[in-house]
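J.: Questions regarding the structure given below will be posed in turn.
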Amino acid sequence: MTRTHGVRARRRGAGVPVALLLPAALGLVFLVLPLVGLLARTPWATLPERLAAPGVLTALRLSLLTATLATLLCLLLGVPLAWLLARVEFPGRRLVRALVTVPLVLPPVVGGVALLLVFGRRGLLGGWLDATFGITLPFTTAGVVLAEAFVAMPFLVIAVEGALRGTDGRYEEAAATLGAGRWTTFTHVTLPLVAPGLAAGAVLCWARALGEFGATITFAGNYPGRTQTMPLAVYLALETDVQAAVVLSLVLLTVSVAILAGLRDRWITSP
Amino acid sequence: MSAPLLDAHLLVDRGGFRLDVPLCVAAGEVVALLGPNGAGKTTALRALAGLLPLTDGHLALGGVDLDRPSRRAWTPTERRGVGVVFQDYLLFPHLSALENVAFGPRRHGADRRAARRSAHDWLARVGMAEHADRRPRQLSGGQAQRVALARALAVEPALLLLDEPLAALDARTRLDTRAELHRHLAAYPGATLLVTHDPLDALVLADRLVVVEEGRVVQEGDAATVTARPRTDYVARLVGLNLHRGHADGHLVRVADGLTLTVADRLDGDAFVAFRPSAVALHPARPEGSPRNTWAATVAGVQRHGDNLRVRLDGPIGVAADVTPPAAAQLRLAPGQPVWAAVKAAETHAYPAG
Chain G
114 MTRTHGVRAR
124 RRGAGVPVAL
134 LLPAALGLVF
144 LVLPLVGLLA
154 RTPWATLPER
164 LAAPGVLTAL
174 RLSLLTATLA
184 TLLCLLLGVP
194 LAWLLARVEF
204 PGRRLVRALV
214 TVPLVLPPVV
224 GGVALLLVFG
234 RRGLLGGWLD
244 ATFGITLPFT
254 TAGVVLAEAF
264 VAMPFLVIAV
274 EGALRGTDGR
284 YEEAAATLGA
294 GRWTTFTHVT
304 LPLVAPGLAA
314 GAVLCWARAL
324 GEFGATITFA
334 GNYPGRTQTM
344 PLAVYLALET
354 DVQAAVVLSL
364 VLLTVSVAIL
374 AGLRDRWITS
384 P
Chain D
107 MSAPLLDAHL
117 LVDRGGFRLD
127 VPLCVAAGEV
137 VALLGPNGAG
147 KTTALRALAG
157 LLPLTDGHLA
167 LGGVDLDRPS
177 RRAWTPTERR
187 GVGVVFQDYL
197 LFPHLSALEN
207 VAFGPRRHGA
217 DRRAARRSAH
227 DWLARVGMAE
237 HADRRPRQLS
247 GGQAQRVALA
257 RALAVEPALL
267 LLDEPLAALD
277 ARTRLDTRAE
287 LHRHLAAYPG
297 ATLLVTHDPL
307 DALVLADRLV
317 VVEEGRVVQE
327 GDAATVTARP
337 RTDYVARLVG
347 LNLHRGHADG
357 HLVRVADGLT
367 LTVADRLDGD
377 AFVAFRPSAV
387 ALHPARPEGS
397 PRNTWAATVA
407 GVQRHGDNLR
417 VRLDGPIGVA
427 ADVTPPAAAQ
437 LRLAPGQPVW
447 AAVKAAETHA
457 YPAG
């Protein structure tokens with residue numbers, strides 16, 4: 114019994130061509146090796162005091178705060194946008210969907226420049242915002258949130274739109290026959306039905322916002338305590354104190370892995 | 107006679123398909139919309155529920171126009187007072203049975219406690235009180251069907267629409283559920299429209315049958331009339347009759363070139379002749395004597411039908427004949443085999459086709 118099983122298993126293993134197996138193994142090493150390097154070079158002995166250094170906590174707190182606010186902003190604007198794309202037939206829907214994904218392929222630095230041209234002091238809206246409300250966005254914490262939301266929102270919209278398309282629209286029709294208007298149907302039927310997709314999209318969005326670098330440094334600058342998030346702190350530390358950069362990176366890595374573990378059931382194990 | 111509760115002429119044009127169904131249902135009446143797949147039954151149901159606008163015609167419930175394109179009258183689904191039991195029930199998966207039933211009353215202005223109380227009453231009425239806290243995926247098909255019925259009735263709709271309410275159930279559950287559904291529909295004061303392709307559902311549950319084919323009404327009437335006097339092949343097949351159209355002259359009906367059947371009824375003009383498959387006798391050679399209606403035919407196919415075999419015959423008219431297995435063995439029935447078919451005049455039923 115065991116014997117035939119073993120033979121079959123060996124035969125199946127032998128069926129994998131080396132031409133595929135070799136690059137696959139190399140790819141895995143390529144992805145894992147840098148993380149190993151990070152762990153290997155971590156100054157474990159001085160880790161506690163380095164973590165307690167004032168700059169680290171400030172940057173981490175700012176990162177968590179801005180990523181969370183950016184995610185909330187994305188939820189507020191992105192969920193209705195996803196609903197519109199998934200449920201309403203309107204002319205130019207394909208174009209709108211393409212536009213939504215632009216920040217996904219746009220280099221973040223370009224995004225930062227574009228944000229400056231709109232929300233900067235002399236930008237399309239920035240001057241008006243400043244004159245009318247006294248609101249200045251560039252080089253502020255609010256600017257960090259804006260930059261992160263700009264880059265992260267497509268992740269949320271795409272995830273939620275996919276979830277909406279995956280649910281049976283006839284549940285919404287059933288709700289209508291029971292007397293529910295469109296808004297009540299949306300809040301009481303549609304949202305609960307897409308809750309898992311919504312949660313996954315929000316976490317993905319949050320992770321992207323947490324790691325945002327290019328758009329943030331371009332639009333919001335690099336002021337410790339105000340706009341210096343973790344990725345910016347890592348980059349800056351690398352120029353002066355490599356070990357500090359390693360410690361900061363380790364913190365970010367830990368947060369990322371924690372998210373991955375939290376999402377495991379939903380994303381990683383799905384075929 | 108008082109005006110019917112539902113008074114509609116459903117006209118819907120959808121890319122090559124045209125639905126044209128006049129439909130009236132009185133309060134307390136159950137009408138079955140019966141027809142093959144693709145006949146337009148679901149389109150009619152969606153138009154009544156307001157999930158699909160009419161192209162023309164009208165739809166009035168209790169004297170109020172819900173949809174009349176010529177007057178730009180349109181009431182959206184949520185304000186129609188039309189309850190729907192969907193084919194696959196569509197119970198909200200994130201809500202318990204109780205919350206599903208309470209959903210409608212809540213939307214109709216009941217506060218939380220009143221809605222839950224009403225939902226409890228309805229669940230008790232369909233015998234689901236002890237499953238109130240279950241999620242839809244924890245319910246069997248029959249249980250889900252009952253919750254769906256309670257959910258639709260809980261908003262006390264003037265019109266209840268049932269879309270193939272028993273189609274998703276296995277045969278045994280269907281039997282029990284059908285009897286129970288009959289009881290609930292009898293107690294329901296509003297108008298009921300039952301959409302089905304199952305003649306048994308229609309015969310058991312409905313007071314009146316409306317048969318649609320290709321978007322049009324082909325026959326309408328109570329169960330006894332429709333089953334005794336089918337007017338299309340589809341209805342004839344549903345009730346298990348051979349049906350042929352021809353020209354009558356007294357007791358003779360010419361149903362095909364070279365074949366005139368002698369019938370018991372006497373009539374003139376266009377006529378239908380119907381007879382049971384069991385009324386068709388098969389003979390290896392031309393029978394002598396008694397039956398006057400005989401013709402040469404060829405066996406096209408043989409299949410089991412209850413305790414007997416149902417033989418499909420080609421010839422001047424296509425006919426189904428039921429024979430016992432011994433008789434079949436004696437005749438050595440096989441596809442392509444020539445036989446003689448015979449039907450006694452007394453076993454035919456002829457009626458005007460006009």
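Chains as they are written, first to last, in our numbering: chain G, 114 to 384; chain D, 107 to 460.
Each residue gets a CB set at the ideal place from its N, CA and C atoms; glycine is no exception.
Between 191(D), 317(D), 254(D), which lies nearest to residue 242(D) when the distance is taken from Cα to Cα?
T.: By 1-based counting over the second sequence, the position of residue 242(D) is 136. Among 191(D), 317(D), 254(D), the Cα nearest to that of residue 242(D) is on 254(D).
J.: Run through the stretch 222-307 of chain D for me and flag every whole beta strand (DSSP E) of 3 or more residues, listed as ranges in chain order.
T.: Taking only runs of at least 3 residues, the beta strand (DSSP E) segments lying wholly in the stretch 222-307 of chain D are 265-269, 297-302.
J.: Following the continuous beta strand (DSSP E) through residue 326(D), name the residue where it begins and the one where it ends.
T.: Taking the second sequence and counting its residues from 1, one reaches residue 326(D) at position 220. 322-327 is the span of the beta strand (DSSP E), which, as asked, contains residue 326(D).
J.: By the criterion of Cβ-Cβ separation under 9 Å, what are the contact partners of residue 179(G) in chain D?
T.: Counted from its first residue, the first sequence places residue 179(G) at position 66. By Cβ distance, chain D contributes nothing, its closest Cβ being about 32 Å from residue 179(G), past 9 Å.
J.: Per DSSP, residue 409(D) forms a beta bridge with which residues?
T.: In the second sequence, the residue the question calls residue 409(D) occupies position 303. BP columns for residue 409(D) point to 416(D).
J.: Residue 293(D) to residue 281(D), Cα distance in whole Å?
T.: Your numbering for residue 293(D) matches position 187 in the second sequence. Your numbering for residue 281(D) matches position 175 in the second sequence. The straight-line gap from Cα to Cα measures roughly 19 Å.
J.: For residue 248(G), verify whether its CB is less than 7 Å away from any heavy atom of the ligand SAH.
T.: Only the bare structure without any ligand can be found here, which leaves the ligand SAH out of the picture.
J.: What span of residues does the beta strand (DSSP E) with residue 339(D) cover, start to end?
T.: Stepping through the second sequence from its first residue, residue 339(D) is reached at position 233. Element bounds for residue 339(D): not the beta strand (DSSP E) but the alpha helix (DSSP H), 339-345.
J.: Between the stretch 301-328 of chain G and chain D, which residues of the former have a C-beta closer than 7 Å to a C-beta of the latter?
T.: Within the stretch 301-328 of chain G, the qualifying residues are 302, 305, 306.
J.: Between which two residues does the alpha helix (DSSP H) holding residue 275(G) run?
T.: Here residue 275(G) refers to the residue found at position 162 when the first sequence is read from its first residue. Where residue 275(G) is concerned, the enclosing alpha helix (DSSP H) stretches over 254-279.
J.: Per the contact definition of three or more C-beta pairs closer than 8 Å, is the stretch 294-312 of chain G in contact with the stretch 271-281 of chain D?
T.: No, they do not touch.
J.: What in chain G is Cβ-close to residue 210(D), meaning under 7 Å?
T.: The residue labelled residue 210(D) in the question sits at position 104 within the second sequence. Within chain G, the residues near residue 210(D) are 291, 292.
J.: Output, in sequence order along the chain, the residues in the stretch 269-299 of chain G whose CB is closer than 9 Å to any CB in chain D.
T.: Cβ contacts with chain D: 281, 283, 284, 286, 287, 288, 289, 290, 291, 292, 293, 294, 295, 297, 298.
J.: Need the endpoints of the beta strand (DSSP E) that residue 375(D) sits in, please.
T.: Numbered from 1 along the second sequence, position 269 holds the residue referred to as residue 375(D). Here the beta strand (DSSP E) through residue 375(D) covers 365-381.
J.: Terminal residues of the continuous alpha helix (DSSP H) containing residue 243(G)?
T.: One-based indexing of the first sequence puts residue 243(G) at position 130. Run containing residue 243(G): 239-246, per the alpha helix (DSSP H) assignment.
J.: Helix, strand or coil for residue 206(G) per DSSP?
T.: For the purposes of this step, residue 206(G) is taken as the residue at position 93 of the first sequence. Helix at residue 206(G).
J.: With contact counted as at least three CB pairs below 8 Å, one residue from each stretch, are the stretch 172-191 of chain G and the stretch 320-332 of chain G in contact?
T.: Contact between the stretch 172-191 of chain G and the stretch 320-332 of chain G is present, because at least three Cβ pairs lie under 8 Å.
J.: At a CB-CB cut-off below 8 Å, which residues of chain G make contact with residue 261(D)?
T.: The residue you call residue 261(D) lines up with position 155 of the second sequence. Per Cβ cutoff of 8 Å: 291, 292.
J.: Please list, in chain order, the chain G residues whose beta carbon lies closer than 9 Å to that of residue 155(D).
T.: As a working note, residue 155(D) is residue 49 in the second sequence. Residues of chain G passing the Cβ test: 286, 289, 290.
J.: Label residue 524(D) either buried or exposed according to how many other C-beta atoms from any shown protein chain fall within 10 Å of its C-beta, with 16 as the threshold for buried.
T.: Summary: the structure shown does not reach residue 524(D), with chain D confined to residues 107 through 460, and so no result is reported for it.
J.: What does residue 219(D) touch in chain G if you count any residue whose Cβ is under 7 Å from its own?
T.: Mapped onto the second sequence, residue 219(D) falls at position 113. Those within 7 Å of residue 219(D) in chain G number zero; the least Cβ separation is about 18 Å.
J.: If we cut at 8 Å on Cβ distances, does residue 270(D) have a partner in chain G?
T.: Start at 1 with the first residue of the second sequence, and residue 270(D) comes out as number 164. Not one chain G Cβ lies under 8 Å of residue 270(D).
J.: Tell me whether residue 282(G) sits in a helix, a strand or coil according to DSSP, three-state version.
T.: On the first sequence, residue 282(G) is found 169 positions in, with the first residue counted as 1. It is coil, neither helix nor strand.
J.: By Cβ distance, which residues of its chain are closer than 6 Å to residue 358(G), with the 5 residues on each side in sequence left out?
T.: Position 245 of the first sequence, counted from the first residue, corresponds to residue 358(G). If we look at residue 358(G) and ignore the five residues flanking it on each side, its Cβ neighbours are 347, 350, 351.
J.: Residues of the stretch 189-201 of chain D with a CB closer than 9 Å to any CB of chain G: list them in chain order, please.
T.: Those would be 189, 190, 192, 194, 195, 196, 197, 198, 199, 200, 201, in chain order.
J.: Beta carbon of residue 351(D), beta carbon of residue 459(D): below 8 Å?
T.: The residue given as residue 351(D) occupies position 245 in the second sequence. The residue given as residue 459(D) occupies position 353 in the second sequence. The answer is yes: Cβ separation under 8 Å.
J.: If you run the structure through DSSP and keep just helix, strand and coil, what is residue 213(D)?
T.: Numbered from its first residue, the second sequence carries residue 213(D) at position 107. Three-state result, residue 213(D): helix.
J.: Are the C-beta atoms of residue 161(D) and some chain G residue less than 8 Å apart?
T.: On the second sequence, position 55 is the one that residue 161(D) refers to. Cβ-Cβ to chain G under 8 Å: no for residue 161(D).
J.: Check the Cβ-Cβ distances between residue 298(D) and every residue of chain G, and say whether any is below 8 Å.
T.: As a position in the second sequence, residue 298(D) is number 192, starting the count at 1. No, residue 298(D) lies away from the interface with chain G (no Cβ there is under 8 Å from its Cβ).
J.: Assign residue 107(D) to buried or exposed, taking buried as 16 or more other Cβ atoms, counted over all protein chains shown, within 10 Å of its Cβ.
T.: Working through the second sequence from its first residue, we reach residue 107(D) at position 1. Annotation note: pLDDT 46 at residue 107(D) (below 50); position unreliable, coordinate value reported separately. So residue 107(D) ends up on the exposed side.
J.: Would the stretch 325-334 of chain D count as touching the stretch 303-315 of chain D if we require 3 or more Cβ pairs under 8 Å?
T.: Output reads yes: the stretch 303-315 of chain D touches the stretch 325-334 of chain D.
J.: With 8 Å as the threshold, decide whether the Cβ of residue 222(D) is near any Cβ in chain G.
T.: Taking the first residue of the second sequence as 1, we reach residue 222(D) at position 116. Not closer than 8 Å to any Cβ of chain G, the Cβ of residue 222(D) fails to qualify, so no.
J.: When burial is assigned at 16 or more other CB atoms within 10 Å of the CB, is residue 116(G) buried or exposed?
T.: Here residue 116(G) corresponds to residue number 3 of the first sequence, with the count starting at 1. Note on residue 116(G): pLDDT 49, under 50, position unreliable in the model; the coordinate value appears next. With fewer than 16 other Cβ atoms within 10 Å, it is exposed.
J.: Along chain G, which residues have their Cβ under 9 Å away from the Cβ of residue 214(D)?
T.: As a working mapping, residue 214(D) is identified with position 108 in the second sequence. Chain G residues near residue 214(D): 291, 292.
J.: I want to see whether chain G comes within less than 8 Å of residue 257(D), judged by CB atoms only; does it?
T.: Taking the second sequence and counting its residues from 1, the one referred to as residue 257(D) is at position 151. Judged by the 8 Å Cβ criterion, residue 257(D) is in contact with chain G.
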